[in-house]
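Q: Just passing along the structure, written as structure tokens.
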Amino acid sequence: MNIFARSRSLRRSLLRQMTGLFLGGMAVLYWAASSYASIAADRSFDRLLAGSALSIAESLTVTAEGVRVDIPYSALDMLAAAPDDRVFYRVVAPGGGTVTGYTDLPAFETLVRGRGNRGADSEEYFDAVYRGEPVRFVVLGRQSANLAQKGWTWIQLGQTRNARDALARELLIQALIPIGLMTVLALVVLWFGIGQSLRPLDNLRAELVAKDPSDLSPIKASVPDEVAPLVDGMNGFMDRLEGNIRFLQDFIANTAHQLRTPLSALIVQLQLVERGTINDRAHGLKVANRSAKKLGRLIDQLLGDALIGHRSHLGRSENFDLKKMIARAVRDTVSMMEDHDIRFSCQLAEAPFLGDHVVIEEAVKNLIHNALTHGHRDGQAVEILLERNSEAYQITVMDRGSGIAPDFLQTAFERFKSGNSETGGAGLGLSIVRQAIEHQRGSVAITNRAGGGTCVALVLPLS
Amino acid sequence: MIRNLALICLMVFVLAGCGGSKPANVLQPNEAGRLTIYSTTDTEIFRPVIADFNTLYPRVVINYVELDSAPLNERVLDEHRGNTVQSDIIFSTAMDMQVKLVNDGLAARHVSANADNLPDWAQWRHEAFGLTFEPVVMLYNPRLLGSRRVPQSRADLAHMLAADPQFWQGRIGTYDIGQSSVGYLLATQDARQSSEFGALGKVMGSRGVRTYAKTSELIADIETGRIAFGYNVLGSYAKRRIAAGGNLKIIYPQDYTLAIVRTAVIPKRAPNPRSAHTFLEYLISIRGQNILARNSFLSAARSELGGAYGRIGITGSDIGPLRPIPLGPGLMTYLDRQKKDRFIANWQAMTGSGERPPLLQPDQAKN
């Protein structure tokens, strides 16, 4: 007995989800780390580049003859901190001509357009491909106060990206190694952790396997909080199962007892007739016939009871007309019992209802049968009424029989309690009715009528 | 699933770790080939190296073109502009110009274990390679100096020049930095390293310093006694002359001793790239470095051949700090057009002032 279907392993599905999560997380972290790494690498080398450009800017002198630059050795030498990177520079005079350096460096003018108005001399960075290699450039402006050379002198300094990219790669790897190790570690821990967490379920399984089939006592295995509702549910289920089994056992015992008495009587009567010990054979057969009918009726009721119990488990529901159903029930019942008078009155043109018509019909038939059996006296008719108010239908079955003893009104609806020992009902009828009606969310009430007889009222709510 | 993940991780790490050394594109030992070398090094000095290389690769025909560094650089640039590159490998003592070639993107990459074993200062971008490590010294003619005290540092020299104008007038020589690229490189490094440089320049100027475009001429004049003292002389050339019997003495300045790095660059569009890579690989191999050091008197760059002092044939206690000029973008500073013009103009103004008596005749040079 495996409490989980084979195709769905908790461990595998958890692991699959977690792996997906971790891989997704790794992808996000990779992206974040790689963009962070390149930003960090750019930032640190940009500072160096700017420092170098600044030291070139410091060496600028603008005279009437032109711009003079005295590139400090340190300006280019400090860039050797990126040992394998090429360095390009140029100094552009206010007129736009290159004063010194590489004349063919990528243009930066669009980048700094309008800077003259703003007057700011902070540096600008950009990437461009120069001589077949990606190069990071910084552009730094200096405004000259010299009247003959009015305007901005620009220093453009570039360095290839080898060291930056290497640093970014290194940062990225430094970041990814622990992330990767953590992921692997987490998955390993998860693998064993799942096994550990699922052990109580295994204990539960072991206890269930070891349990005697007739032992419906609560499960004793200690389980984690998450599994406790499952165990509670199982315990509750077993509790109900035990109740049902006890009820069935009672029911079978009672039924057997109820059936044995009339059957024994019938057998005795038939034996008497057979042996001819009774003089009046015709009388003997008549008695036997009555006993057989009574037995048949009892079996009918038992089957009805079983039917309703079964139907109530199915929980079927459909639209049908109560009026037609009652008329049919009257017809069926009367055909079985000749020589009876039943009056069915209903003011409604039709009575649509949503419910299990088999169950309700069975209940109504039972009531009619009861009324005909116990309440038929002096040719007084059995009356059936179907009425409706805003909330419910009410079916009333009234007879002019002997009524029910006041003591018995309380217990009239319990199984095998018959209020009339003379006419010998098995006591199933009303209990079936109640079971059927309550299953349809209705209610049933029994009262004695003024002037003799009983009145049973079924109330079936509309919704 | 865990196994897959582990595999993916492994693959990521392996891929991230890739891009290490790949074997250079080299010749087979018996393969025929041609190789054109543009070099500032005297053919004589380089001959043993080529001979040894030819024992390894006998079928490589080598065309060695000796040029001064500035014309060499011009020629290389012209050939690139005209897309008629003829040189397969370029050797030059003008480290700054070689660095500029690399920076301009004209050089090919050379990746090998030997290249990785070069000191940091002897390699840039895997495109410029320092083959040698040559101290820059002061050189004098002991016969002319006689019993005079020998200057041990720049400050010392400046002081002596100032103190005895009569002896020193016209008897000191150095590079003409307007004509000699090495001279310019050395002067700019001095200007950067030494606070005494201005003072030394001035006093050399007033002593009528003689300037030379070629190292060999400068050394020859000291050896023959036309002048007594040379400042900023390539030690390797001097040692070679001494080994050949020249009456010369070397001073490693105590304040600091510069060392230049003869630099090799393979042009990107070299007509025989495989020969070029093979030759470069040979030069930076232990064998090539040994030949350079022993047979060509060009002390080796690789530290496997001894400590920095041992490689140039001295013990460390004799001299002050050795400062190899590192290959790197900083060298391009002094190639800046404006800067170079101004530097040379300043230098010439500083050194051109003093009166120059006629050169001593070699036979007169007796003290």
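As given, the protein sequences belong to chains A and B, one line each in that order.
Here the working numbering is used: the first residue of the first sequence is 778, the next is one more, and so on.
Here the working numbering is used: the first residue of the second sequence is 11, the next is one more, and so on.
The beta carbon of each residue, even a glycine, is placed where N, CA and C say it ideally should be.
Please confirm if A817 (chain A) has its CB atom under 7 Å from at least one CB of chain B.
A: So, not an interface residue.
Q: Taking any Cβ of chain B, which residues in the stretch 858 to 886 of chain A have a Cβ under 8 Å from it, in chain order?
A: The residues in question are P860, D861, D862, R863, V864, F865, V876, T877 and G878.
Q: Within the same chain, show all residues whose beta-carbon is closer than 7 Å to that of L155 (chain B), passing over the 5 residues directly before and after it, in chain order.
A: The answer, listed in chain order, is A238.
Q: Taking the beta strand (DSSP E) that F914 (chain A) belongs to, which residues open and close that run?
A: From DSSP, the beta strand (DSSP E) with F914 (chain A) extends over E910 to S921.
Q: Any Cβ of chain A within less than 7 Å of the Cβ of D346 (chain B)?
A: Yes, because at least one Cβ of chain A sits closer than 7 Å to the Cβ of D346 (chain B).
Q: Taking the alpha-carbon positions, what's the T1188 (chain A) to V1210 (chain A) distance?
A: One C-alpha to the other measures close to 13 Å.
Q: Is the CB of P339 (chain B) under 7 Å away from at least one CB in chain A?
A: So yes, P339 (chain B) belongs to the interface.
Q: L1040 (chain A) and V1050 (chain A): beta carbons closer than 7 Å?
A: No, they are not a contact pair.
Q: If you pair each beta-carbon of the stretch 200 to 216 of chain B with each one of the stretch 164 to 171 of chain B, do three or more pairs fall below 8 Å?
A: The stretch 200 to 216 of chain B vs the stretch 164 to 171 of chain B: in contact.
Q: Count Cβ pairs between the stretch 72 to 82 of chain B and the stretch 190 to 198 of chain B that sit closer than 8 Å; are there 3 or more?
A: The answer is yes - the stretch 190 to 198 of chain B touches the stretch 72 to 82 of chain B, with three or more Cβ pairs under 8 Å.
Q: I need the DSSP call for Y907 (chain A), collapsed to helix, strand or coil.
A: In this structure, Y907 (chain A) counts as strand in the three-state DSSP scheme.
Q: Considering N1096 (chain A), what are the terminal residues of the beta strand (DSSP E) in which it resides?
A: N1096 (chain A) -> beta strand (DSSP E) spans E1095 to D1098.
Q: In chain A, which residues lie with their C-beta within 8 Å of the C-beta of L115 (chain B)?
A: The question names Leu, but residue 115 (chain B) in the sequence shown is Gly. The answer, in chain order, is R863, R908, G909 and E910.
Q: Could you tell me if R834 (chain A) is buried or exposed, where buried requires 16 or more neighbouring beta carbons within 10 angstroms of its beta carbon?
A: It is worth fixing the name first, because residue 834 (chain A) is Ala in this sequence and not Arg. The residue in question, A834 (chain A), is buried, as its Cβ has 16 or more Cβ neighbours within 10 Å.
Q: For R867 (chain A), does the three-state DSSP call read helix, strand or coil?
A: Strand, per DSSP.
Q: In this structure, what does DSSP give as the bridge partners for E1164 (chain A)?
A: DSSP lists A:Q1171 as partners of E1164 (chain A).
Q: From V1141 (chain A) to G1013 (chain A), what distance separates their C-alpha atoms?
A: Answer to the nearest angstrom: the Cα atoms are 35 Å apart.
Q: To the nearest angstrom, report how far apart L87 (chain B) and T960 (chain A) are at their CA atoms.
A: Going from the Cα of L87 (chain B) to the Cα of T960 (chain A) covers about 55 Å.
Q: Please list, in chain order, all residues of the same chain as A870 (chain A) whose beta carbon is under 8 Å from its beta carbon, the five residues on each side excluded.
A: Cβ neighbours of A870 (chain A) beyond the five flanking positions: G843, V844, V876, Q926 and T930.
Q: For V275 (chain B), which residues from the same chain have a beta carbon less than 6 Å from its beta carbon, with the 5 sequence-adjacent residues on both sides left out?
A: These residues qualify, in order along the chain: I100, Q108, L111, A117 and A138.
Q: Per DSSP, what are the beta-bridge partners of T838 (chain A) in this structure?
A: T838 (chain A) is bridged to A:R845.
Q: So who's on the other strand from Y247 (chain B), going by DSSP bridges?
A: Bridge partners of Y247 (chain B): none, in fact.
Q: Does any residue of chain A have a CB that is nearer than 7 Å to the CB of R135 (chain B)?
A: Closer than 7 Å: yes.
Q: Among A:E947, A:G970, A:L1186 and A:G1073, which has the Cα closest to the Cα of K795 (chain A)?
A: Sequence check: residue 795 (chain A) is Met here, not Lys. Comparing Cα-Cα distances from M795 (chain A) to each of A:E947, A:G970, A:L1186 and A:G1073, the minimum goes to A:G970.
Q: Which residues in the same chain have their Cβ closer than 8 Å to the Cβ of L258 (chain B), if we skip the five residues on either side of it in sequence?
A: The residues are L149, Y150, N151, P152, I229, I232, E233, A248, R251 and I252.
Q: Given that K349 (chain B) touches chain A, what residues does it touch there, using C-beta distances under 8 Å?
A: In chain order: V846, D847, I848 and T877.
Q: Report the neighbours of A852 (chain A) on chain B: residues whose CB is nearer than 9 Å to its CB, in chain order.
A: Neighbours of A852 (chain A) on chain B, chain order: G340 and T343.
Q: Find the nearest neighbour of M360 (chain B) within the set B:A209, B:I55 and B:E227, judged by alpha-carbon distance.
A: Checked all of B:A209, B:I55 and B:E227; the closest Cα to M360 (chain B) is B:A209.
Q: Starting from E291 (chain B) and walking both ways along the alpha helix (DSSP H), at which residues does that stretch end?
A: First-last of the alpha helix (DSSP H) with E291 (chain B): P283 to L293.
Q: Answer with yes or no whether the minimum CB distance from R91 (chain B) to chain A is below 7 Å.
A: Not closer than 7 Å to any Cβ of chain A, the Cβ of R91 (chain B) fails to qualify, so no.
Q: Just verifying my parser: in three-state terms, what is the DSSP assignment at Q162 (chain B)?
A: In the structure shown, Q162 (chain B) sits in coil (DSSP, three-state: anything other than H, G, I, E or B).
Q: Taking just the CA atoms, how far does A987 (chain A) sit from E1003 (chain A)?
A: For E1003 (chain A) and A987 (chain A), the distance between alpha carbons rounds to 23 Å.
Q: So is W357 (chain B) in contact with chain A if we call contact Cβ pairs under 7 Å?
A: Answer no: the Cβ-Cβ gap between W357 (chain B) and chain A never drops below 7 Å.
Q: In chain A, what lies closer than 8 Å to R202 (chain B) by C-beta?
A: Going along chain A in sequence order, the residues near R202 (chain B) (Cβ under 8 Å) are Y850.
Q: From this set, A:G874, A:D1027 and A:S851, which residue's C-alpha is nearest V864 (chain A)'s C-alpha?
A: The shortest Cα separation from V864 (chain A) among A:G874, A:D1027 and A:S851 belongs to A:S851.
Q: Which bits of chain B does L856 (chain A) rub up against, with CB to CB less than 7 Å?
A: Ordered by position in chain B, the residues that pass the 7 Å Cβ test against L856 (chain A) are P339.
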